[in-house]
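Worksheet: the structure to be examined is printed underneath.
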C-alpha cells in the first residue's frame, strides 16, 4: 500500500464548477498537510498548508483534514481556466530531528477547467 | 533573481558524461532539497541539507552526488547515469523548522541517452 494515495484523474470540469480533490494516507504520524499546484513545465507552487485536523480557507480554495479518517481534501470554488494544472497533496510528520522536511507526496491529480 | 532558480533548465547527456545541476535560493532559507519527478510517479525526495549538512540520503545511487557549499547554493553532480534516470529534477528550500513550507525551483529536465 502506498503511503499517500491520490487519484491521478484526469479531471475535467466546466468553468465555475466546484472542484473537489482528495488524498488518503496511511501514516497516522503525519501532522502537516499541504497542497501544491504545478503548471506544465514549472515547479510545484505551495497553495496552502494545514496543521492537524480542521479547515483552512484562502480565497476560492478550502483545505480540509480529517485525521480520524486519514483523508484530506482541497475544494476550489468558482473554478477558472487558469486553475488548470496538476494538484499535488503532500504531508509530513515534522516531529523534529531527521523528519524535518521529509515530505511524502501523492501522485498528483491533473485538472482541466474548460471555458 | 527571486525565489529558487535552477540551471540548466534542460540537459541531454550520454551515459558516460559528467554534468552538474545548480540550484540557488534567494529566500534566506537554511534547508535545501533535491527531488526527482518521473512521469506517473509521486515526487521522490532524494537529499536533504540543513545548514549545509546532509541529513537525508533517500537510498539514492552513488552516481548522484550532492554538494551544498553554503545555505544558498545546492549542486547535484551526475556521472555514468542510466536512461531510467531521465526525469525532472527539482530543487526546493525552506526554513529548517518549517520544512512543511517548501518552495520549489522550475526544475531541470534531464534526458539520458
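Residue numbers (our numbering), protein chains in the order written: chain A, 249 to 363; chain B, 133 to 245. Even glycine gets a Cβ: it sits at the ideal position worked out from N, Cα and C.
Any C-beta of chain A under 7 Å from that of residue i
i                      : result
residue 236 of chain B : yes
residue 232 of chain B : yes
residue 180 of chain B : yes
residue 222 of chain B : yes
residue 175 of chain B : yes
residue 226 of chain B : yes
Range of the contiguous beta strand (DSSP E) that encloses residue i
i                      : result
residue 176 of chain B : 176-182
residue 330 of chain A : It is not in any beta strand (DSSP E) - residue 330 of chain A carries neither H nor E in the DSSP assignment.
residue 261 of chain A : 259-262
residue 161 of chain B : Residue 161 of chain B -> no beta strand (DSSP E), and no H or E assigned at all.
residue 213 of chain B : Here residue 213 of chain B belongs to no beta strand (DSSP E), and DSSP marks it neither H nor E.
residue 278 of chain A : Premise fails: residue 278 of chain A is in no beta strand (DSSP E) and is neither H nor E.
residue 322 of chain A : 319-324
residue 185 of chain B : 185-189
residue 304 of chain A : 302-306
Top-ranked residue by Cα proximity to residue i, from the options
i                      : options                       : result
residue 328 of chain A : A/288, A/360, A/252 and A/279 : A/360
residue 297 of chain A : A/290, A/289 and A/278        : A/278
residue 285 of chain A : A/363, A/362 and A/354        : A/354
residue 191 of chain B : B/199, B/176 and B/202        : B/176
residue 207 of chain B : B/216, B/221, B/217 and B/229 : B/221
residue 146 of chain B : B/227, B/219 and B/215        : B/215
residue 198 of chain B : B/155, B/232, B/229 and B/170 : B/155
residue 252 of chain A : A/262, A/340 and A/362        : A/340
residue 161 of chain B : B/239, B/202, B/149 and B/217 : B/202
residue 306 of chain A : A/314, A/283 and A/319        : A/283
residue 290 of chain A : B/244, B/239 and B/144        : B/239
residue 362 of chain A : A/319, A/260 and A/280        : A/260
residue 183 of chain B : B/210, B/217, B/213 and B/164 : B/164
residue 357 of chain A : B/149, B/143 and B/174        : B/174
Test: residue i CB closer than 7 Å to a CB of chain B
i                      : result
residue 315 of chain A : no
residue 290 of chain A : yes
residue 302 of chain A : no
residue 353 of chain A : yes
residue 287 of chain A : no
residue 335 of chain A : no
residue 340 of chain A : yes
residue 280 of chain A : yes
residue 349 of chain A : yes
Between the CA atoms of residue j and residue i - distance to the nearest angstrom
i                      : j                      : result
residue 333 of chain A : residue 273 of chain A : 22 Å
residue 276 of chain A : residue 158 of chain B : 34 Å
residue 152 of chain B : residue 317 of chain A : 43 Å
residue 167 of chain B : residue 264 of chain A : 34 Å
residue 205 of chain B : residue 141 of chain B : 16 Å
residue 266 of chain A : residue 186 of chain B : 42 Å
residue 181 of chain B : residue 226 of chain B : 10 Å
residue 325 of chain A : residue 262 of chain A : 12 Å
residue 270 of chain A : residue 179 of chain B : 27 Å
residue 321 of chain A : residue 308 of chain A : 14 Å
residue 223 of chain B : residue 236 of chain B : 6 Å
residue 336 of chain A : residue 244 of chain B : 26 Å
residue 242 of chain B : residue 280 of chain A : 31 Å
residue 149 of chain B : residue 209 of chain B : 11 Å
residue 196 of chain B : residue 257 of chain A : 32 Å
Do the segment 135-143 of chain B and the segment 297-310 of chain A meet, that is, are 3 or more Cβ pairs less than 8 Å apart? no
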